[in-house]
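Numbering (mature numbering (1 follows the signal peptide of the UniProt record, and there is no 0)), first residue to last: -19 to -1, 1 to 138.
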């Protein structure tokens, strides 16, 4: 009986989470994803999209592209920052390095935009899947009952 109650609680929890909509708000060079007023990152979105294969594939591509973009952008930022720091310190600044850094940043920006677009497509896909399915939630009531044999929990569908 305890296992059955636990399974019912888990089933209700899983179906209520999967039926909620992921909201995408357009921000500078991308999207901000929220669910129930909580910001979602790509890792959190992937956990929510495990039920749909196409959405999972899209969010995995988005995570991969986001990682590549972050690495390239960080390298580019470092390469741009080194000559600026050298110039501020009064030394001879290697401006070629700044140009290479700008190239890295220039490559990272479109990859980041593509990652955000893939995440947006995945969010639209999972919202479409959730809205096309009937709501699986059944009204459930819980009552504590007692008799000569002891106390118990009654579950009504």
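Where a beta carbon is used, it is the ideal one built from N, C-alpha and C, also for glycine.
Bear in mind the structure is a predicted one, so any value in this text is a computation, not a measurement.
Residue 123 lies in the beta strand (DSSP E); which residues open and close that run? 122 to 128
Extent of the continuous alpha helix (DSSP H) to which residue 85 belongs: 76 to 113
Could you tell me which residues DSSP pairs with residue 6 in its beta bridges? 13
If contact is defined by three or more beta carbon pairs under 8 Å, each pair taking one atom from either stretch, is the stretch 49 to 60 in contact with the stretch 14 to 24? no
For residue 108 versus residue 34, is the C-beta distance shorter than 8 Å? no
Assign residue 134 to one of two classes, buried (16 or more other C-beta atoms within 10 Å of its C-beta) or exposed (fewer than that). exposed
Hey, would you say residue 38 sits closer than 8 Å to residue 27, going by beta carbons? no
Alpha carbon of residue 100 to alpha carbon of residue 73, nearest angstrom: 43 Å
Cα-Cα separation, residue 56 to residue 124: 60 Å
Got a sec? Which residues, its chain only, sit under 8 Å from residue 102 by beta carbon, not counting five neighbours each side? 39
Where does residue 71 fall in DSSP's three states? coil
Taking its Cβ as the centre, do 16 or more other Cβ atoms sit within 10 Å of residue 131, making it buried, or is it exposed? exposed
Following the continuous beta strand (DSSP E) through residue 135, name the residue where it begins and the one where it ends. 131 to 137
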